[in-house]
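Beneath this line is the structure, given in C-alpha cells, with notes to follow.
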Amino acid sequence: FGRLPVVRVSELGGLTTGDGVFFRIPEGVQVELVAADDIQVSPGTLELSNVDVMEEQVLLNSLSAQ
C-alpha cells in the first residue's frame with residue numbers, strides 16, 4: 002500500500018467535488034498543506050450507519066486493483 006497524505010482543510014470552499022463524497026484541490030489553486038497529526042486512518046473500517054457495505058467493498062476492490 003502507498004501513503005495517504007491527510008491534511009486539515011480550513012476553507013472547504015476551495016475544494017471541488019463531483020459527488021459530494023470525494024473532494025480535491027482544483028488545478029491551478031495554490032494551497033499550503035498542513036499535516037493533520039491528530040487523525041487516525043483505519044483501513045477496512047466503514048461507518049455502517051450510512052454505508053452500503055457491499056457497494057463500498059466493490060469500490061475498494063476496484064480502487065486497490067488500479
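Its first residue numbered 2, the sequence shown is counted upward by one per residue in this note's numbering. No residue lacks a Cβ here, since even glycine has one placed at the ideal position from N, Cα and C.
CB of P44 to nearest heavy atom of the ligand MN: below 7 Å?
-> Here there are no bound small molecules, and the ligand MN is not part of this structure.
With distances taken from CA atoms, which of A36, T18 and L5 is nearest S11?
-> A36
Under a three-way DSSP split, which group does V52 fall into?
-> coil
Kindly indicate which three-state DSSP category A37 falls into: helix, strand or coil?
-> coil
Identify whether V42 lies in helix, strand or coil by the three-state DSSP scheme.
-> coil
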